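Below is one structure, written out as structure tokens, with a few remarks after it.
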Amino acid sequence: MPALHTSDGFAAASEQGRIYSLAAQGQSDLQQRAQAYPSLFPNPPVDDAMLSALALSTAFIAPWCTAEQLRVANRASLWVTAEDWQIDHAATTIDDVYSSVSACLAVADGATLDVGNSALGQFLAEIRDELATVVGFSELRPLWCEALRRLLTADAREWQWRQLQHRPSLSEYLDNADNYGATFVNISHWIFTADAETRSHLPDLIAASREVERILRLSNDLASYERDLRSGDLNALLLVGKEEVSGQLRDRIKACRDLLHALESICPQEAVYLAREVGFTTGFYHGTDFWGSVDR
1135 MPALHTSDGF
1145 AAASEQGRIY
1155 SLAAQGQSDL
1165 QQRAQAYPSL
1175 FPNPPVDDAM
1185 LSALALSTAF
1195 IAPWCTAEQL
1205 RVANRASLWV
1215 TAEDWQIDHA
1225 ATTIDDVYSS
1235 VSACLAVADG
1245 ATLDVGNSAL
1255 GQFLAEIRDE
1265 LATVVGFSEL
1275 RPLWCEALRR
1285 LLTADAREWQ
1295 WRQLQHRPSL
1305 SEYLDNADNY
1315 GATFVNISHW
1325 IFTADAETRS
1335 HLPDLIAASR
1345 EVERILRLSN
1355 DLASYERDLR
1365 SGDLNALLLV
1375 GKEEVSGQLR
1385 DRIKACRDLL
1395 HALESICPQE
1405 AVYLAREVGF
1415 TTGFYHGTDF
1425 WGSVDR
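Heads up, the sequence shown is in this note's numbering, so the first residue is 1135 and it goes up one at a time.
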């Protein structure tokens, strides 16, 4: 074990404390949004522990940002949590699911709140309107809307799989990983914070983000298998054995490292962002997940 020095410990702890401060500010904002939309965030499962985990994740993935710069990513993460809960628990028919999908897509396209008058649509409109303050959002809106469409469509597809007790192949399941929501959060963050040069490379970043999302899906499934087994949610371990899931995870992480290394030359900070997203989230899932012990 290498020798430890007090100066090293001071610097490391100081940086960790700064990141925790970012997370605390983010959590405070998320608490206010959750209180503004109580129908979206029942407590439990959306308690202070979950809000803290969401804010910590964002702060550790992009520690170079200010709390203000992390606001959209935090709120987008919270919105994905609400959307996931609403489709999984509030929707009783496929018509309910597609009604929610249609309303959210209409809001993303700029519809007024009387079209998406649910709390889910109203919260999404807040995120949309904050992104609209960014110069160039009108040109980037199609990419943002497409990420949202992929998320919502993937959630609707999984809802149908559960209702029909359909077991997709592992490949089909991972192709549907957009329902994890990370790419929607990532593109929201990049639109809000990135410079013009980086925004010109958003298609490349989105493609890389979708690869990252598949890794996060597998890592999450390894962490949440017992809960998913009780609740009836789909999980990669219900489709293939743990050894294959673990092997897929290792192989995809290796391939993702090569992909992100190639991205470093054009988008160095965003490549590091995606690498930190993989690292933080897979580490986090070693002991828990964002839903904690709640049976969804």
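Think of the CB as a built atom: it goes at the ideal place given N, C-alpha and C, for glycine as much as any other residue.
If you're wondering where the values come from, they're calculated on a predicted model, not measured in any experiment.
With 16 other Cβ atoms within 10 Å as the buried cut-off, status of residue i
i	result
Gly-1375	exposed
Ser-1191	buried
Gln-1161	buried
Ala-1311	buried
Leu-1363	exposed
Ser-1305	exposed
Arg-1301	exposed
Thr-1415	buried
Proximity winner among the options, relative to residue i (alpha-carbon distances)
i	options	result
Gly-1417	Glu-1404, Cys-1199 and Leu-1350	Leu-1350
Thr-1317	Ala-1147, Gln-1299, Arg-1391 and Cys-1279	Cys-1279
Asp-1367	Gln-1299, Gln-1165 and Leu-1204	Gln-1299
Ala-1207	Thr-1215, Tyr-1232, Tyr-1307 and Val-1319	Val-1319
Glu-1398	Leu-1371, Asp-1218 and Asp-1338	Asp-1338
Leu-1373	Ala-1389, Ile-1387 and Asp-1355	Asp-1355
Glu-1264	Arg-1386, Leu-1393, Ile-1325 and Gln-1169	Ile-1325
Ala-1157	Asn-1177, Arg-1205 and Gln-1169	Arg-1205
Ala-1170	Pro-1179, Ser-1186 and Gln-1256	Gln-1256
Ala-1225	Phe-1194, Trp-1293 and Ile-1153	Trp-1293
Span separating the alpha-carbon of residue i from that of residue j
i	j	result
Trp-1198	Ala-1405	13 Å
Ala-1288	Asp-1163	28 Å
Gly-1270	Ala-1240	20 Å
Trp-1295	Tyr-1314	16 Å
Gly-1244	Ser-1234	16 Å
Ser-1322	Ala-1281	9 Å
Gly-1250	Ala-1146	Bear in mind that the predicted position of Gly-1250 carries a pLDDT of just 44, short of 50, making it too unreliable to give a figure here.
Ala-1253	Leu-1174	7 Å
Ala-1144	Gln-1159	Ala is not the amino acid found at residue 1144; the sequence shown has Phe there. Computed Cα separation, rounded: 23 Å.
Gln-1220	Thr-1332	34 Å
Glu-1273	Glu-1377	44 Å
Arg-1361	Ala-1330	43 Å
Cys-1390	Glu-1411	12 Å
Leu-1258	Ala-1196	22 Å
Ala-1183	Ser-1380	28 Å
Arg-1384	Val-1346	12 Å
Which of helix, strand or coil DSSP assigns to residue i
i	result
Leu-1373	coil
Val-1268	coil
His-1395	helix
Val-1249	Any answer about Val-1249 is weak, because its pLDDT of 46 lies below 50 and its placement is not dependable; what the coordinates show is given next. Three-state DSSP puts Val-1249 in coil, outside helix and strand.
Phe-1175	coil
Pro-1276	helix
Tyr-1232	helix
Val-1428	Because Val-1428 carries a pLDDT of 49, less than 50, the predicted location of this residue cannot be relied on, and the following value inherits that uncertainty. Correct three-state label for Val-1428: coil.
Ala-1342	helix
Thr-1287	helix
Chain B contact for residue i (CB, 8 Å cutoff)
i	result
Leu-1352	Of the protein chains in the structure, only one exists, and it is not chain B.
4-residue-minimum alpha helix (DSSP H) runs that sit fully inside the stretch 1298-1328, ordered along the chain: 1304-1309 and 1316-1327
Could I get the ranges of all uninterrupted alpha helix (DSSP H) runs contained in the stretch 1154-1206, with 4 residues as the minimum, in chain order? 1182-1195
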